[in-house]
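Structure first, then comments.
2 protein chains.
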Amino acid sequence: MKTYIKSDSWKIIEEEFNPDNQRSSESIFSLGNGQMGQRANFEEKYSGSSLQGSYMAGVYYPDKTRVGWWKNGYPEYFAKVINSPSWINIHIRINGEELDLKKCKTEDFIRTLDMQKGLLTRSFNATLNNGVKIKAEASRFLSMNDPECGLIKYTITPLNFTGKIVVDPFIDGDVENEDSNYGEKFWNIEETKSDKDKSSLIAQTKKLDFKIAYCSTWTINGTADVKAYNTSVKAGSIIEVPAVEGKTIVFEKYTGIASSLNHNSNSLLHIAEKKATNAKSKGFDQMEKEHINRWAEIWKQSDIKIEGDIKAQQGIRFNIFHINQTYTGEDERFNIGPKGFTGEKYGGSTYWDTEAYCIPFFLATAPPHVTKNLLIYRYKHLQKAIENGAKLGFTNGAALYPMVTMNGEECHNEWEITFEEVHRNSAIAFAIYNYIRHTGDEQYLDKYGLEVLIAISRFWAQRVNWSNKKKKYVMLGVTGPNEYENNINNNWYTNQMAVWCLNYTIESLEKVKKSNSNRYNEIVEKTSFNFKEEVSLWNEIANNIHLPYNKELNIFMQQDGYMNKIQQTSDELPQEVRPINQHWSWDRILRSCFIKQADTLQGIYVLEDKFDTETIRRHFDFYEPRTLHESSLSPCVHSILAARTAKIEKAYELYLRTSRLDIDDYNNEVHEGLHITSMAGTWMSIVEGFGGKRVKEGNLHFNPVIPKKWSEFSFKITFKGDDMQIKVDKDKISITSYSKKEFNIYVYDEKITVKPQVTVSLKLKPNYYA
Amino acid sequence: MKTYIKSDSWKIIEEEFNPDNQRSSESIFSLGNGQMGQRANFEEKYSGSSLQGSYMAGVYYPDKTRVGWWKNGYPEYFAKVINSPSWINIHIRINGEELDLKKCKTEDFIRTLDMQKGLLTRSFNATLNNGVKIKAEASRFLSMNDPECGLIKYTITPLNFTGKIVVDPFIDGDVENEDSNYGEKFWNIEETKSDKDKSSLIAQTKKLDFKIAYCSTWTINGTADVKAYNTSVKAGSIIEVPAVEGKTIVFEKYTGIASSLNHNSNSLLHIAEKKATNAKSKGFDQMEKEHINRWAEIWKQSDIKIEGDIKAQQGIRFNIFHINQTYTGEDERFNIGPKGFTGEKYGGSTYWDTEAYCIPFFLATAPPHVTKNLLIYRYKHLQKAIENGAKLGFTNGAALYPMVTMNGEECHNEWEITFEEVHRNSAIAFAIYNYIRHTGDEQYLDKYGLEVLIAISRFWAQRVNWSNKKKKYVMLGVTGPNEYENNINNNWYTNQMAVWCLNYTIESLEKVKKSNSNRYNEIVEKTSFNFKEEVSLWNEIANNIHLPYNKELNIFMQQDGYMNKIQQTSDELPQEVRPINQHWSWDRILRSCFIKQADTLQGIYVLEDKFDTETIRRHFDFYEPRTLHESSLSPCVHSILAARTAKIEKAYELYLRTSRLDIDDYNNEVHEGLHITSMAGTWMSIVEGFGGKRVKEGNLHFNPVIPKKWSEFSFKITFKGDDMQIKVDKDKISITSYSKKEFNIYVYDEKITVKPQVTVSLKLKPNYYA
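Just so you know, the sequences run in chain order A and B.
Using numbering that gives the first Met the number 0, the letters of the first sequence map in sequence onto residues 0 to 769.
Using numbering that gives the first Met the number 0, the letters of the second sequence map in sequence onto residues 0 to 769.
This is the structure we're talking about:
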């Protein structure tokens, strides 16, 4: 844990430069705009430890799989998010000495991420070894308004000397990934070019032929002597300017970046140049203004305000800011990697995190097409998921979606995850249901959803087998959400969700059959669907699946045999052995009763309607003390269920942990990148936890509570086209409609009609679930 | 499966050269002498596909571990048996063209491994592209009498021309391992040297500083023009001789090889030179004679004769030959790798194979010190096994011996094997018991055995836990001998063997306490042993462990939950999906009921005394049809139990599979090397299976049967210092004593007294177990 970030309601602030924190800050202060992202690497040369990171959405590299002991069915490659050519470089030489914060004395350092504006700024005074002292300021943004542009303003003021400053802005193609499996570089640099006022570079990935063109142009105040240069991997300019004590040199760098994902390969350089020169002609301030306006629109719908708790406020905005930087929902080819644009780890972009965590966020805070694009992404991968199923021995169009993927092909190669953590399939099915119930877009089912549901249900029907012993269907050899158990039998979550999938598919089939028989027949033909046989088998399985249950405790068991373990609670586990996966050997972890992340509770969270408060509480009381939350995806679900069972302070404690996971570096790993997908979980823990937001039978519900420390919190929701703000204070919940039409919602299960543009307030019932 | 090897009772013969079989033949025709080994690579240049393999016992390389997803506790390196500098090279150029069997026309090719003599010979006629035709003959042995010497005689007879032949004998240090994890080479060549009649090379491993010196000297008939040469990695001579039609050129190469394992590093070259020149002065024929004499001694004690079944005869001799080539028992630092000196696969030398398979062979066919050295090997690794245990969280001197090791440190890195296939510990304990009951060397227990037993029992006591649910001790998260199940609970074999270990340790403690109280006290102090507490816990566990059992079937279950699987038998599994680990994804293998190798039956085999024939038969009938024998270690145990339950033809079928596994390449992998350790299992299947050899309560028993196809078989046994031959024919069993004293044995559980040097015959009871 590190707590060097200063609290502020809208800003992330680092005062004082400490090289030990540089990698962490590079993650925390990252910028992105949906199309690209950039870690907060310095513009000037930095010889200290740093993880260089410049990432382009959808551009990846199939890095040859590294595996100790090959197993049949393992994928050949792992898709890596690639560190791309670096466009931020502005090296500075002052009187012949390189400005390098690792080597000079730094004072009054302050780095700020203004989350409201999407701006990264930095200022410091530096005294070089040659005695010169300067003040520098850097300001950077990746335009949300024009996502192919990145702008930097860099100023230097000589404080104690007159002499010569060399500004060396360049684009650098000599980059690599730290996690390259075999130490290979991933880029070929095709072309570099420099002239008096601009430099450009074209890079192509060594495999898959992704191509990106970069063009930087610049302005500088005052006279300058310019020499353009380029090498085989680099293009830049040497700009020599006189340094006059007290006189500020203002340098602006405008970079256009065009990717073959969006444009014809031959036109990339042209487009990058146009982007750069257009930006330059608009000017830094105008571009910045347009960028900030776009952020204002985003915040308008997705901001959460918390009064009385600045750390919580900062935390939630940090989370909302980063998810929105990562995914803007305009391109169905993109998805949301666990680290977004902030690091290399976890490489491949798509995990079940998207469906289980991110989609609830986007459904409530963004227009429907944003979520729909995430769904279409999986729809387009259906054929590959069916092929993946076939590779593992499944037949008849059964689909197993990959655990980790970029283009629909499985990338991961641990058998206990790749082949066995199959519950991801259910999350993908549930997301279809979730999308439709939130947006009311019933058409989605006919057009896309049903095919996916059929393929997933076919998988479940083959993945279970009849146990003659138990006289039940069983599902053997799985890994549940709790990855601290592998190859277990009858994971309750997995089995329960499989049943849900089967039932929802049957229901959906019947719905489409009735409402759109043409399309229904088309799907039947396309999938060779045998309604009678398949549906009857699915019903049979759904009604006769084994769900491990302990009679004495009256709770569902995470899996068969869980109670044969030594039962301990997390408070018996000393801090120095945590996280246990860094201290214990894997067998010991597997034998222990300790849970990495919500598993049975995850199922209860997802299917909450099936359970009464007492049942939820019993399960929470049993599982929570056994859960270590060593996955970032865990605390938010527990926080929601804690709120659901009137354990408000427990919910608050878990909320803090999830919301400040990265700012305060709880797991000592923020240097690798941020936990982007779990950030959506943080949002859930406020809106669904404290706000008590639910959708039941097509209706929106709120059963709010408020943590002791907060005087008020508010958030926005969009539901079936109606926008509203929910504000909760110590006494009441207020619903303000931004809709043009009247709508109904439920508060504490009581139906409320909200008229257009008015605010309705109701008394808070803090003990509703007590 | 490949069946190109010609049947012969003493020889392995390949007629006709087929490059597709070259790698397989290189394995099958391998030579070794305990100190070193050599695949049957050609002396002359060969540009076809080949696995070069020259191996030195005890010389290994800690190759940096390759792992996809790191888990805490994984080892940093995998110890690799190293392909060492090649001393066999004799390149031949005829009238300017290189002799290369890949490039010329070959006739009358015959390659022979004379197992009686330990000789590899090869002859062929070759027509080169330049039209010249020659006859060549090569003869090679690695001296059993002087294990630092390798000799080759190579003759060439020009058949249709007169001209010039260049013989180029050299030592080549430019070698590599095909399975190097990161493509590194493992050797530094320190020195190369050549003069008129000898060449030498000193090589040092890049890590661990193993050093080997090679010196080759030679003779050639007739006049020759010699030019010595050396490069940084090679040392040799260019020997130009006139080629005269019909006149045979005889070239002999004498190589001395000295390793820093056996000599002071500074003297290596001197010793290698001495070895080479001594061999040369003795001459090829004399050296060969001494070598053959040593083999005769080995065969005298270990040969098995089978009449009436040449394939079975060839098979068993092939197995006995290769085990004896691999390990001669003179050095307690050596052990027996699964591939011996015949390939790179499985790298690290020591697996549980040694204790479970090889030790029974050596106990019965070699002097006691041979087995004792294998035991001492583990005794010397005890401290590292305790450290390994500590690394996995075990305390109080609990030892977990590694799954794969060279020097006592764990090398393997699959969590389900490394951390969970813990039954290896029991095999090591059982070997102590087995050694003592065979040799009568009770002292071993005091001196070495007890310390190992205590450490192993401590491990078991911590590896189980009390299940409040079952009211039994359970052992969670293990992999049994059947590696087609991972992370299972209560593997019957593992639990049952753990109980055996606990009981045997208690018994041994009491024995030593009584018989040697000084040593007992010394051990108690050294191990901080608390007799009262530890023994009472061990008793408690041994008496209350959960052993999965199915009441209906009245058999022990391989593990908890086995009967929840779909029950199928191997005859339902089409040949084209076998071996399943090459066709099925791992989850599918794990979910299936199919067994890779003997597991429950392994336990019944080891602890046979505990079970009556009916019980054994019930288990065999249940498990055998579910077993795929996709481990080479499987069929032999099943063969023994088939014989034990009067299923003689089943036993025979399984015997053939194990004995000709490599000759006929059942698993399509012989090109990677031979299954050396399972070869000992083949011996077991004759001696313990058909011969019915058992040791019960300190006495030697035989309950022989004979397969239909055999008219007679015989083998030798040494037991507590008494040597004997057992011969079984259709009517009788004959025991011939080679002992100087009278001894008792049991035949069909009847006590027989055998007088010195006489033969006793008894009627065969082929239906004794029916």
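Cβ atoms here follow ideal geometry from the backbone N, Cα and C, with glycine treated the same way.
Note that the coordinates shown come from a computational prediction; the quantities given were computed from them, not determined experimentally.
If you keep only unbroken alpha helix (DSSP H) runs of at least 4 residues inside the region 390-418 of chain A, you get 414-417. Looking at the DSSP output, TRP186(A) sits in a beta bridge with THR204(A).
Within the same chain, and ignoring the five residues on either side of VAL757(A) in sequence, the residues whose Cβ sits closer than 7 Å to its Cβ are SER736.
Between TYR76(B) and CYS410(B) the beta-carbon gap is near 7 Å, inside 8 Å, which marks them as a contact.
Pairing ILE647(B) with PRO706(B) gives a Cβ-Cβ distance under 8 Å. In this structure the region 392-401 of chain A does not touch the region 470-488 of chain A; the number of beta carbon pairs closer than 8 Å is below three. PHE530(A) counts as exposed, since fewer than 16 other C-beta atoms from the protein chains shown sit within 10 angstroms of its C-beta. CA-to-CA, the gap between ILE270(A) and LEU118(A) works out to about 25 Å. Residues of the region 440-473 of chain B with a Cβ closer than 8 Å to any Cβ of chain A, in chain order: ASN464, TRP465, SER466, ASN467, LYS468, LYS469, VAL473. In the structure shown, the three-state DSSP call for ILE87(A) is coil. If one requires a minimum length of 3 residues, the beta strand (DSSP E) runs lying completely within the region 87-119 of chain A are 89-93, 104-113, in chain order.
Put simply, the CB of LYS184(B) is far from chain A, with every gap to its CB atoms at 8 Å or more. Annotation: ALA78(A) to ILE12(A) spans about 34 Å, alpha carbon to alpha carbon.
With a cut-off of 8 Å on Cβ pairs, the region 591-602 of chain A is not in contact with the region 489-498 of chain B, counting fewer than three such pairs. For ALA212(A), DSSP records a beta bridge to ILE201(A), ALA257(A).
Put simply, the region 668-680 of chain A touches the region 17-36 of chain A. At least three CB pairs are less than 8 Å apart. In terms of beta-carbon proximity, VAL66(B) lines the interface with chain A, with at least one pair separated by less than 8 Å.
Rounded to whole angstroms, the Cβ separation of ARG659(A) and GLY314(A) is 4 Å, and the two are in contact under 8 Å. Assigned with DSSP and collapsed to three states, CYS148(B) falls in strand. In the DSSP assignment, GLY31(A) forms a beta bridge with GLY36(A). Between the region 210-224 of chain B and the region 102-112 of chain B there are fewer than three inter-stretch CB-CB distances shorter than 8 Å, so the stretches are not counted as touching.
Relative to the Cα of LEU508(A), the nearest Cα in the group VAL463(A), VAL451(A), LEU546(A), ASN490(A) belongs to VAL451(A). Per DSSP, the unbroken alpha helix (DSSP H) holding ASP586(A) starts and ends at 585-590. For the region 62-90 of chain A, the beta-carbon criterion of a distance under 8 Å to any beta-carbon of chain B is satisfied by THR64, ARG65, VAL66, GLY67, TRP68, LYS70, ASN71, GLY72. Pairwise C-beta distances place the region 571-587 of chain A in contact with the region 417-429 of chain B, as three or more of them are shorter than 8 Å.
Around MET562(B), the beta-carbon contacts reaching into chain A at under 8 Å are SER466, ASN467, LYS468.
For the 8 Å CB-CB criterion, ASN485(B) and LEU589(B) form a contact. Taking 8 Å as the upper bound for CB-CB distance, THR626(B) and SER633(B) are in contact here, some 6 Å apart. Your pair LEU141(B) and LYS210(B) does not check out as a contact, with CB atoms roughly 20 Å apart and the cut at 8 Å. Within the region 406-423 of chain A, the residues whose Cβ lies closer than 9 Å to some Cβ of chain B are HIS411, ASN412, GLU413, TRP414, GLU415, ILE416, THR417, PHE418, GLU419, VAL421, listed in chain order.
Using a Cβ-Cβ distance cut-off of 8 Å, the region 346-366 of chain B and the region 719-730 of chain B are not in contact, since fewer than three pairs of beta carbons, one from each stretch, lie closer than that value. SER738(A) is the residue among TYR747(A), LEU761(A), SER738(A), ALA769(A) whose C-alpha sits nearest the C-alpha of LYS754(A). Secondary structure note for LEU452(A): its alpha helix (DSSP H) is the uninterrupted segment 449-462. Residues of the region 474-485 of chain B with a Cβ closer than 7 Å to any Cβ of chain A, in chain order: LEU475, GLY476, ASN485. Counting only unbroken stretches of 3 or more residues, the beta strand (DSSP E) elements lying wholly within the region 40-65 of chain A are 53-55, 59-63, in sequence order. In this model, ILE431(B) and LYS609(B) are separated by some 19 Å (Cα to Cα).
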